[in-house]
Amino acid sequence: MVLNHSITSICIPAYNEEKSIGGLLDILIQFPESTVGEILVCINGCTDNTGAIVLEKRLIDNRIELIESAAGKPNAWNALVKSARHELITFFDADIVPEEGALNRLINALEYNKIIVAGGRIYPLKKQSDFKYRFSAFLATPYFFTNSLAGAGYAFKKSQFVKRMNELGFAKMPCDILHEDNWVQLLLKADEFTMVIDAVIYHEQGSFFELLMEKQRQKLAHCKLHEYYTELYQKWIREFRSDATKQSLSHKISRFICRLHHLNSLDKIGFILQSVFKISINIIFRHKLNQMYRKLELQYEQLGGAAVLAKSGRRKSTKSHFP
């Protein structure tokens, strides 16, 4: 492993990403070797031309390397971490667009001794002309700061994080994890993580119903983390998400007013509209949401986490059918 704390290995898990991987690689190869030492793409269960596109890009920049793992993002994550040569590792989803300066800000945040993982702030792209995509992007727009790690873009110190994994009895990430970002943060103490709010990363948003499915997958992911890693999960909730888990009506109203107070006039309108839509959707589609959850739960029990990830991603319509 190369111990240069200013150079990062870019790691990209890719499952049927032929429509987006080329664009991301075009962005990443613009970085100098003094910042990006290597760009690793791990295809995991792909049935499209993702691998071929990566190999074409490698002809332009030999920092790009293609590796392969079994299906499922956790398997890709394990293969990428094992292959990465640099101490600093940056994970990007294949369908993201990092804002200028975002990568450097993530890397710089790791200069602080206690910090092991630094997360970017994720926003949906709003370029789609189709209303169903614009509406789902609006629903997914964050209007306030959270302390939750998002898998679309984050960086960490390899040696320290692997050491923490080993201390907690993990030789690798479990293969049936549904949200690898939640699992990563699960292993950390509160002062070992930082959210870099000016490291903005844009991701492609799926349709309205794909967004609903993604939310149900998130719910299932939390249930499984709580079921399998109860003690770690409870610690994570206490240290990172205690405010979000308080369900009393008075607390929800107080939190809403507090968040509203910190927004400008235009964002206040957007946040109010978004909140009204979310409440309405939960009421109108309650039966549909329960059906989605039960379907994902059954798929998880019968086929495993890789199948659930393939069938419930935020852009399922752009991906080939999982066998």
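For reference, each letter of the sequence shown is one residue, going 0 to 322 in numbering that gives the first Met the number 0. Built from N, CA and C at the ideal position, the CB exists for glycine as well. These figures come from a predicted structure and were not determined experimentally.
Who pairs with residue i in a beta bridge, going by DSSP?
| i | result |
| --- | --- |
| Cys10 | Leu39, Phe90 |
| Tyr122 | Tyr201 |
| Phe155 | Ile88, Val116 |
| Ser68 | Asn43 |
Taking just the CA atoms, how far does residue j sit from residue i?
| i | j | result |
| --- | --- | --- |
| Ala136 | Val35 | 30 Å |
| Glu98 | Ala117 | 16 Å |
| Ala198 | Ile106 | 10 Å |
| Cys58 | Asn103 | One point to set straight first is that residue 58 is Leu, not Cys, in the sequence displayed. Their backbone Cα atoms lie some 25 Å apart in a straight line. |
| Glu110 | Arg293 | 44 Å |
| Ser5 | Ile26 | 19 Å |
| Leu124 | Leu231 | 33 Å |
| Cys174 | Gly71 | 7 Å |
| Leu39 | His250 | 44 Å |
| Ser8 | Glu37 | 5 Å |
| Ser316 | Cys257 | Only weak support is given to the placement of Ser316: the predicted model assigns it a pLDDT of 43, under 50, and the value that follows is read from those uncertain coordinates. Approximately 37 Å, taken between the alpha carbons. |
| Asn15 | Asn112 | 37 Å |
| Ile283 | Leu138 | 16 Å |
| His202 | Val195 | 17 Å |
| Leu272 | Phe143 | 14 Å |
| Val183 | Lys218 | 17 Å |
| Gln298 | Leu224 | 17 Å |
| Lys81 | Gly119 | 23 Å |
| Met164 | Ser158 | 10 Å |
| Arg216 | Ala75 | 19 Å |
| Val360 | Ala149 | In this structure the chain extends from 0 to 322, so residue 360 is not present and cannot be described. |
| Gly304 | Pro73 | 9 Å |
| His286 | Met212 | 13 Å |
| Thr193 | Ala108 | 8 Å |
| Gln301 | Met291 | 15 Å |
| Asn281 | Ser147 | 22 Å |
| Cys222 | Trp235 | 13 Å |
| Val275 | Phe255 | 12 Å |
| Asn181 | Glu296 | 18 Å |
| Ala51 | Pro31 | 24 Å |
| Ser279 | Ser68 | 41 Å |
| Ala306 | Phe130 | 28 Å |
| Gln204 | Lys214 | 13 Å |
| Ser264 | Tyr227 | 44 Å |
How close, in whole Å, do the beta carbons of residue i and residue j come, if the pair is a contact with beta carbons under 8 Å?
| i | j | result |
| --- | --- | --- |
| Glu17 | Asn48 | 5 Å |
| Lys56 | Ile66 | Actually they do not touch by this definition, with Cβ atoms about 14 Å apart. |
| Ala101 | Cys10 | Incorrect: roughly 16 Å between the Cβ atoms, too far for contact. |
| Leu324 | Leu186 | Nothing in the structure corresponds to residue 324, since the chain is present only between 0 and 322. |
| Ile95 | Ala151 | 5 Å |
| Thr89 | Ala154 | 4 Å |
| Asn77 | Lys156 | About 17 Å separates the two Cβ atoms, so there is no contact after all. |
| Tyr132 | Ser206 | 6 Å |
| Leu24 | Phe91 | That belief does not hold up - the Cβ atoms of Leu24 and Phe91 are roughly 10 Å apart, past 8 Å. |
| Ile200 | Ala93 | Not confirmed; about 12 Å, so no contact. |
| Leu79 | Cys45 | Not quite, the Cβ-Cβ distance comes to about 15 Å (not below 8 Å), so this is no contact. |
| Ile114 | Glu191 | 6 Å |
Which of helix, strand or coil does DSSP assign to residue i?
| i | result |
| --- | --- |
| Ile63 | strand |
| Gln233 | helix |
| Phe270 | helix |
| Met172 | coil |
| Ile196 | strand |
| Pro341 | The question about residue 341 has no answer, for the chain in this structure spans 0 to 322. |
| Ile95 | strand |
| His261 | coil |
| Ser253 | helix |
| Gln298 | helix |
| Glu16 | coil |
| Leu167 | coil |
| Asn181 | helix |
| Phe144 | coil |
| Ile28 | coil |
| His320 | With a pLDDT of 37 at His320, under the threshold of 50, the modelled position of that residue is not reliable, and no figure is offered here. |
| Phe284 | coil |
| Ala309 | helix |
| Glu110 | coil |
| Arg293 | helix |
| Lys188 | coil |
| Lys315 | Residue confidence is low: Lys315 scores 49 on pLDDT, short of 50, so the model does not pin down where it sits. Its coordinate-derived value is still stated next. If DSSP states are grouped into helix, strand and coil, Lys315 belongs with the helices. |
| Ser279 | helix |
| Leu248 | helix |
| Thr49 | helix |
| Ala101 | helix |
Flag residue i as yes when its Cβ comes closer than 7 Å to any non-hydrogen atom of the ligand SAM, and as no otherwise.
| i | result |
| --- | --- |
| Gly269 | The ligand SAM is absent from the structure shown, which contains no ligand whatsoever. |
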